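J.:
Residue numbers (the working numbering): 133 to 528.
1) From 496, 505, 337, 215, pick the residue whose C-alpha is nearest to that of residue 386; which is it?
2) Can you list, in chain order, the residues of its chain whose CB lies under 6 Å from that of residue 171, leaving out five sequence neighbours each side?
3) Quick one: residues in its chain with C-beta nearer than 6 Å to the C-beta of residue 267, no 5 flanking neighbours on either side, listed in chain order?
4) Determine the burial state of residue 494: buried for a count of at least 16 other Cβ atoms within 10 Å of its Cβ, exposed for fewer.
5) Which of the three DSSP states, helix, strand or coil, is assigned to residue 481?
6) Compute the beta-carbon to beta-carbon distance between residue 191 and residue 430, rounded to the nearest angstrom, for a pair I have assumed lies under 8 Å.
7) Whole angstroms are fine: how far does the CA of residue 463 sit from the CA of residue 517?
8) Count the other C-beta atoms from every protein chain shown that fall within 10 angstroms of the C-beta of residue 401, then say buried if there are 16 or more, exposed otherwise.
9) If we ignore side chains and look at the alpha-carbon of each, how far apart do residue 145 and residue 446 end up?
10) Helix, strand or coil for residue 152, going by three-state DSSP, please let me know.
11) Taking 8 Å as the limit between beta carbons, can you name the residues of its chain near residue 473, skipping five residues before and five after?
12) Who are the near neighbours of residue 174 in its chain, counting only those whose CB is closer than 8 Å to its CB and skipping five residues on each side?
13) Give me the DSSP bridge partner(s) of residue 309.
14) Please name the residue in 188, 248, 479 whose C-alpha comes closest to that of residue 156.
15) Using DSSP bridges, identify the partner residues of residue 241.
16) Excluding the 5 residues flanking residue 349 on each side, which residues of the same chain have their C-beta closer than 7 Å to its C-beta?
17) For residue 414, which beta-bridge partners are listed by DSSP?
18) Taking the alpha carbon of residue 486 as the point to measure from, which residue in 505, 477, 476 has its own alpha carbon closest?
19) Find the nearest neighbour of residue 180 within the set 196, 339, 217, judged by alpha-carbon distance.
20) Which parts of the segment 367–398 are runs of the beta strand (DSSP E), unbroken and 3 residues or longer, counting only runs that do not cross its ends?
21) Below 9 Å between beta carbons: does that hold for residue 281 and residue 377?
22) Specify whether the segment 453–462 and the segment 199–218 touch according to this definition: at least 3 beta carbon pairs, one from each stretch, less than 8 Å apart.
23) Could you work out which residue in 524, 460, 300 is closest to residue 381 when comparing CA atoms only?
24) Rounded to whole angstroms, how far is the Cβ of residue 300 from the Cβ of residue 255, which I believe are closer than 8 Å?
25) Measure the CB-CB distance between residue 317 and residue 360 and report whether it falls below 9 Å.
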């Protein structure tokens with residue numbers, strides 16, 4: 133259990149609650165990738181689709197008192213590989229959400245999919261069910277790199293998946309990775325060119341990192357050095373900017389007006405109700421901000437949901453943690469954030485962060501005035517160094 137820091141009654145005062153999103157975690161995948169530290173579990177045989185749909189609906193119903201009357205502006209089906217579920221299952225879930233929540237008329241509904249799970253009829257079914265944005269886990273168009281990453285698809289299947297997706301969706305994101313094992317700058321450029329050729333509305337380029345509790349962490353592959361990785365990042369930014377994509381977040385580029393609303397809500401420190409195995413959530417109330425975590429293992433989650441208690445942990449976020457958590461999200465945005473939004477979303481005055489802000493400004497990591505704070509180019513490149521300045525000091 134995480135340590136609970138209790139605020140005094142005057143610690144947080146939120147005049148307006150932030151926008152609310154819904155995150156739905158579907159934990160199964162065909163194969164666990166060696167770099168993945170998400171709560172994903174290799175499917176062995178058929179996944180318990182019907183039971184899990186019922187558990188998700190139960191989970192939502194238990195959480196309803198905490199979000200009653202609030203409008204939901206986006207829904208995101210993440211995983212794992214949500215496209216393992218049938219279109220009928222996704223339709224049942226979206227129908228259940230519509231019956232229990234107030235969804236915005238233009239609610240963005242995203243579903244993550246991997247090329248190895250694509251079927252044209254199934255994806256038309258997702259669109260008819262209400263999914264209006266697709267995020268495809270391509271990772272690379274290079275067959276050798278796909279093999280090194282443990283992906284179940286090849287480059288031909290990646291391109292075919294995009295073709296199928298474009299038949300039903302006009303709002304599509306491609307997830308790709310950079311600084312892959314033994315990747316060269318020319319190979320990274322070839323991936324960028326292939327992604328641009330696909331003509332999708334949104335591109336995400338994630339730097340491969342070796343996360344604990346992964347196969348790559350235990351058996352590290354040979355990765356490009358810092359200079360080579362930086363050259364790849366600079367190349368990606370320059371090429372995408374020249375083709376009209378706006379770099380609005382550390383890893384995200386979009387056509388004008390096609391930014392991911394769900395992820396923007398995270399980065400702007402909005403609220404999100406997380407349901408499903410291992411799902412995290414953040415909810416604001418007039419006098420506090422809380423975080424929740426559902427039971428992680430799918431079998432245990434199914435059991436706990438059936439018992440009416442799917443939440444494993446719930447705690448109130450302390451004052452020091454609020455500053456760090458806000459900055460950890462908002463400083464990922466290349467345009468930074470309005471000072472007023474810090475006050476509105478945390479219930480705190482910006483003065484509580486003055487010391488680390490001054491240090492960040494002195495080191496050239498941020499630029500600020502009385503209205504806005506944003507990371508500089510240097511701050512974007514050394515984002516972890518910037519964020520560490522805001523880590524709360526824990527008393528012994």
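Glycine included, every Cβ here is placed at the ideal spot set by N, Cα and C.
This one's a predicted model, so the numbers in the text were calculated from it and none came from an experiment.
T.: From the atom records:
1) 337
2) 159, 410, 428
3) 242, 244, 305
4) exposed
5) coil
6) Incorrect: roughly 13 Å between the Cβ atoms, too far for contact.
7) 12 Å
8) buried
9) 20 Å
10) strand
11) 400, 401, 462
12) 160, 161, 162, 163, 164
13) 338
14) 188
15) 207
16) 342, 343
17) 404, 423
18) 505
19) 217
20) 378–381, 384–386
21) no
22) no
23) 460
24) 5 Å
25) yes
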